[in-house]
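Here the structure comes first, spelled out in structure tokens, and everything after it is commentary.
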Amino acid sequence: MIPELGHVALIIALQLALLQGILGLAGASRDNAAWMAMARGAAGGQLLFVALGFLALVWSFLVNDFSVMNVADHSSRFLPVEYRITAAWGSHEGSFLLWTLLMSAWTVAVVMLGRQLPADLHARVIGIMGLLSFCFLAYLLFTSNPFMRLHPPPANGSDLNPLLQDPGMIIHPPLLYMGYVGFSVAFAFAIAALISGKLDEAWARWVRPWTLMAWVFLTLGVMVGSWWAYYELGWGGWWFWDPSENASLMPWLAGTALVHSLAVTEQRGALRVWTVFLALAAFALSLLGTFLVRSGVLSSVHAFALDPLRGLFILIFLGILIGASLILFARRAGAVKTAGDFGTISRETALLTGNVLLLAALATVLLGTLYPLILDAFGLGKISVGPPYFNAVFVPMMVPALLLLGIAPWMRWGRESLTELLPRLRWQAAAAVLIGLALPFAFAEWKWQAALGLALAAWMILATISGLVVRRRAAGGLPLAAYGMGCAHVGLAIGVIGMGLVSAYQSEKTVAMQPGDSASLGQYEFVFRGAEEVPAANYSAMRGTVELKKQGQTVATLLPEKRIYRSSRITMTEAAIRYGFVGDVYVAMGEPLPGGTWSMQLYLKPFVGWLWGGALLMALGGLLAALNLRNKGAME
Amino acid sequence: MNPWIGVGACVVVALVFLLVPLWRQKSALAGRRNAVRWPALGVLGVLPALTVGLYLYLGAPAIIQEQALTQAQSNYDVDGMVKALEDKLKATPNDPEGWYALGRAYIAFERYAEAEDALRKATTQAPKDAKIIAQYAEAMALKQGRLDGRPLELVQEALEISYEETKALELAGLAAFQKEKWAEALHYWRRLQKLLPKDTEHHEAIAQAVATAERKLDLSLGGTGMPLPPPSAEPKKAPH
Chain X
126 MIPELGHVAL
136 IIALQLALLQ
146 GILGLAGASR
156 DNAAWMAMAR
166 GAAGGQLLFV
176 ALGFLALVWS
186 FLVNDFSVMN
196 VADHSSRFLP
206 VEYRITAAWG
216 SHEGSFLLWT
226 LLMSAWTVAV
236 VMLGRQLPAD
246 LHARVIGIMG
256 LLSFCFLAYL
266 LFTSNPFMRL
276 HPPPANGSDL
286 NPLLQDPGMI
296 IHPPLLYMGY
306 VGFSVAFAFA
316 IAALISGKLD
326 EAWARWVRPW
336 TLMAWVFLTL
346 GVMVGSWWAY
356 YELGWGGWWF
366 WDPSENASLM
376 PWLAGTALVH
386 SLAVTEQRGA
396 LRVWTVFLAL
406 AAFALSLLGT
416 FLVRSGVLSS
426 VHAFALDPLR
436 GLFILIFLGI
446 LIGASLILFA
456 RRAGAVKTAG
466 DFGTISRETA
476 LLTGNVLLLA
486 ALATVLLGTL
496 YPLILDAFGL
506 GKISVGPPYF
516 NAVFVPMMVP
526 ALLLLGIAPW
536 MRWGRESLTE
546 LLPRLRWQAA
556 AAVLIGLALP
566 FAFAEWKWQA
576 ALGLALAAWM
586 ILATISGLVV
596 RRRAAGGLPL
606 AAYGMGCAHV
616 GLAIGVIGMG
626 LVSAYQSEKT
636 VAMQPGDSAS
646 LGQYEFVFRG
656 AEEVPAANYS
666 AMRGTVELKK
676 QGQTVATLLP
686 EKRIYRSSRI
696 TMTEAAIRYG
706 FVGDVYVAMG
716 EPLPGGTWSM
726 QLYLKPFVGW
736 LWGGALLMAL
746 GGLLAALNLR
756 NKGAME
Chain Z
898 MNPWIGVGAC
908 VVVALVFLLV
918 PLWRQKSALA
928 GRRNAVRWPA
938 LGVLGVLPAL
948 TVGLYLYLGA
958 PAIIQEQALT
968 QAQSNYDVDG
978 MVKALEDKLK
988 ATPNDPEGWY
998 ALGRAYIAFE
1008 RYAEAEDALR
1018 KATTQAPKDA
1028 KIIAQYAEAM
1038 ALKQGRLDGR
1048 PLELVQEALE
1058 ISYEETKALE
1068 LAGLAAFQKE
1078 KWAEALHYWR
1088 RLQKLLPKDT
1098 EHHEAIAQAV
1108 ATAERKLDLS
1118 LGGTGMPLPP
1128 PSAEPKKAPH
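Residue numbers (the numbering used here), protein chains in the order written: chain X, 126 to 761; chain Z, 898 to 1137.
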């Protein structure tokens, strides 16, 4: 009964989304207030019905209704309650339902908060978001229906992928999707601007806080994903250049570029066409990312072909969306009046250069992610594109962008003289070089990765903070958005410190240990006290006890686990981590060897936590800026 | 509940979301009645029809009836049987086998008080039938929630009449097991296991119980190192 009502709710939401799209766009072009009002009502109804559908699915998972195929495939009686709820978005179908739910929530937010917008722009944005929702709901209902039924139902389900039975997985997808879907607002604003040909500073002022909020969510989503991979996958890596990670990095890079070009458009009226292009790109890449991860194309190109309807729908949808928006862009970009002249050396140029570097880096990631898939799809052979490629191509492109990040906030809008500006930054530059050269000596060995990371980070922090101080003195105060910028840039610097130091100085060791054995790594001594069986509701685990000693003193007891999940018989490694300000100690259990011996993996990860701390600061900076701009927008 | 009532309610709510904003615009559109009429009529006509059509195409409305039907059928059959038996025993109350069958049916429905009543009647009518006495003991034990006392006395009584009464052997073994007299429990259950036909669920369940009791016995022996467990021996916690 409940799943059937959820199904009906999605069917109604599909129609409301279509009405929202048609009435919103037609109402705007015919200036029909009644139709525009109906489009707003449809948006509200759509949120209600998608939410009902989502709750019906969650309910089916909660009560173990295995007559719902999605529940039978992704849950089991042994699954604890909290993971039964999150299993609702652990499947392909459920995750698209979550996406649709968030999409309608953003739409209602635009309906509520955009009341002061010009009526036609407001209705167009709502209409475009309605059409996007319609596509997603149609995809959901016709190819990936979460409410398919089984009669008679199986006695038990086949369980949720153990990798997803983790707190990180509870928040990672919603955060990421909030970011992806948030970019649909910028996308809808961009399309509306192209249709009407009206794109001015006021437009940019409206889009900026929405884009910043989406960027904040996406930053947090990527951060949680990276942290989850670090503690859950059992070997302490924090970024793998895996296609599913690249899928979220690409919209993030485009979004970062968009946030900066929006600043230029809002402040100076310049780079309008470029801004529109980035808004289209950020959302298109979000879609690409979702489809890459969720269509099964990554696990195997052939899995994609197994369900031709699903694959075809995805390709057609992506094709129409990207094709139509690019055609619209090509035809109408000329109508968007370009204004705001700026010199060769100016803050505009600096931001644009940064943008180009970000997009070039994005292009390398796109190439490295898609090219192997395309080759495989056409049967032209398998190639593996991994960290060596990305580290060699991506990193050199980011270094000049980070250097620019220190200078750009110092530059004046319109025109700047380098002969005046550069001498004012000489102390910061000298200090950064000195720090980069000297600080690595404090570690075991001088390494260039550490020197580069530390020098860049020092440069970013010193230039950003001194820039804010100078501006504050000159203007007698600073808006919150300036502090937001500072916070985000310092956050990135802190992240760079983490990346530089952990990649230069991490160490690891794999040892076979019997109870009582000890092994040493760095300043630490690891004493293995044996392993015992620990049962739990949905898995049974062998839990090792490892005493961590530093200079003969026990500093911690680490309890890594090797788990076997009951329903799926999948083995998982649960690492034990001692988090620390200057680095983590990470222990994972390998394979059991005869006679109570275990192979143990020991890792030292200096400063790895700074990565996520830095990302958190970046998100906080984005939030400060969004709040500031939101208030500014509301006052007008 | 009829699922179509739910569908109807959903459609009405959806229409409210569309038509109320339209209604609010009425004053602004006073001169253009068609601007209100046509969207309203269109939505009123299309949304319900399309919802029903799409649901019939995509959904599984039949599953609700099927699920309800399967449940009703199973309820109906057993209910009918019990009712027929009750009526029959009202007409001819002197029928120990009939009371015995009714008592077992009541136990299946967890109506333990009625089961006890029915089986008491059966034992008064056939006081030397071990099967009926053992079943009476079970009903009584289920009603009071424990096996000691009167139910256990009845079990012993049944075993004295026939040492091959399966229900009595099962209950006697269970009582011993509950008192952690593993060897005694094994004695009854092994005997029972031999009597039960192989490859049945009951046989399987008893085989498992025997295995559990054997492990418990083994552990308690290993724990004390004595050939037989002393009655007060603390059993070790079994591994999972």
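All residues carry an ideal CB built from backbone N, CA and C; glycine is no exception.
| Asked | Found |
| --- | --- |
| Label L141 (chain X) either buried or exposed according to how many other C-beta atoms from any shown protein chain fall within 10 Å of its C-beta, with 16 as the threshold for buried. | buried |
| Quick one: list the residues of chain X neighbouring T948 (chain Z), beta-carbon separation under 8 Å, in chain order. | V133, I136, I137 and Q140 |
| Please give me, in chain order, every unbroken run of the alpha helix (DSSP H) with length at least 4 that falls completely inside the segment 310-388 of chain X. | 326-357 |
| Give the range of the beta strand (DSSP E) segment to which V710 (chain X) is assigned. | G708 to L718 |
| Assuming G131 (chain X) and A911 (chain Z) form a contact by the criterion Cβ under 8 Å, report the distance between their Cβ atoms to the nearest whole angstrom. | In fact, because the Cβ distance is near 15 Å, the residues do not count as touching under 8 Å. |
| Closer than 8 Å by beta-carbon distance: list the chain Z residues that pair up with H276 (chain X), in chain order. | A957, I960, E963 and Q964 |
| Between A662 (chain X) and chain Z, is the shortest Cβ-Cβ distance under 8 Å, so that the two count as touching? | no |
| So the alpha helix (DSSP H) I586 (chain X) belongs to, where does it begin and stop? | W573 to A600 |
| On the DSSP bridge list, what partners appear for E650 (chain X)? | X:S645 and X:K674 |
| Within 10 angstroms of its Cβ, does Q553 (chain X) collect 16 or more other Cβ (buried), or is it exposed? | buried |
| Taking the beta strand (DSSP E) that R703 (chain X) falls in, what are its first and last residues? | A701 to R703 |
| Can you give me, in chain order, the residues of the segment 509-534 of chain X that have a beta carbon less than 7 Å from any beta carbon in chain Z? | none |
| Let me know the secondary structure DSSP gives K980 (chain Z) once reduced to three states. | helix |
| Residues of chain X with a CB under 7 Å from the CB of V904 (chain Z): which are they? | V133 |
| Starting from S724 (chain X), follow its DSSP beta bridges and name the residues at the other end. | X:A637 |
| Which residues in the same chain have their Cβ closer than 6 Å to the Cβ of V389 (chain X), if we skip the five residues on either side of it in sequence? | A395, L396, E473 and L476 |
| Can you round the beta-carbon distance between P731 (chain X) and Q631 (chain X) to whole angstroms, since I take them to be within the 8 Å contact cut? | 7 Å |
| 8 Å is my cut-off, CB to CB: does A167 (chain X) come that close to chain Z? | yes |
| Would you kindly report the start and end of the unbroken alpha helix (DSSP H) that includes M691 (chain X)? | It should be noted that the sequence gives Arg, not Met, for residue 691 (chain X). Unbroken run through R691 (chain X): none, as it is neither H nor E. |
| Just curious, the alpha helix (DSSP H) that A1055 (chain Z) is in, first and last residue? | R1047 to I1058 |
| Suppose the cutoff is 8 Å on Cβ atoms and the five residues either side in sequence are ignored; what does the same chain contact list for A1114 (chain Z) look like? | Sequence check: residue 1114 (chain Z) is Leu here, not Ala. So the list reads W1079, A1080, L1083 and P1126, once near-sequence residues are dropped. |
| Quick one: list the residues of chain X neighbouring R1112 (chain Z), beta-carbon separation under 9 Å, in chain order. | Chain X residues near R1112 (chain Z): none, gap ~16 Å exceeds 9 Å. |
| So, is the C-beta of E129 (chain X) closer than 8 Å to a C-beta in chain Z? | yes |
| Helix, strand or coil for L144 (chain X), going by three-state DSSP, please let me know. | helix |
| For a test of your reading of the model: does the CB of L378 (chain X) fall under 7 Å from any non-hydrogen atom of the ligand GDP? Yes or no. | In the structure on display, the ligand GDP does not appear, and there are no ligands present to speak of. |
| Are the Cβ atoms of N195 (chain X) and E218 (chain X) separated by less than 8 Å? | yes |
| Can you check which of these residues, Z:K1040, Z:G1042, Z:I1029 and Z:H1099, is closest to A1065 (chain Z) by C-alpha distance? | Z:I1029 |
| Smallest Cα separation from W737 (chain X): which of X:L547, X:G350 and X:S200? | X:G350 |
| When you check each C-beta in the segment 192-222 of chain X against every C-beta of chain Z, which residues fall closer than 9 Å? | S192 |
| Can you find a C-beta in chain Z that's less than 8 Å from the C-beta of F429 (chain X)? | Any reading at F429 (chain X) needs caution, since the residue's pLDDT is 49, under 50, leaving its predicted position unreliable; the model's value is listed next. Chain Z contact via Cβ: absent. |
| Quick one: which residues of the segment 233-246 of chain X get their C-beta closer than 7 Å to a C-beta of chain Z? List them in chain order. | none |
| Give the interface partners of M126 (chain X) over in chain Z, defined as CB-CB distance under 8 Å, in chain order. | M898, P900, G903 and I961 |
| Using a Cβ cut-off of 8 Å (strictly closer), state whether V908 (chain Z) contacts chain X. | yes |
| With 16 as the cutoff for other CB atoms within 10 Å, does I902 (chain Z) come out buried or exposed? | exposed |
| Kindly provide the ranges of any alpha helix (DSSP H) runs that are 4 or more residues long and lie completely inside the segment 482-567 of chain X, ordered along the chain. | 512-532, 543-549 and 551-563 |
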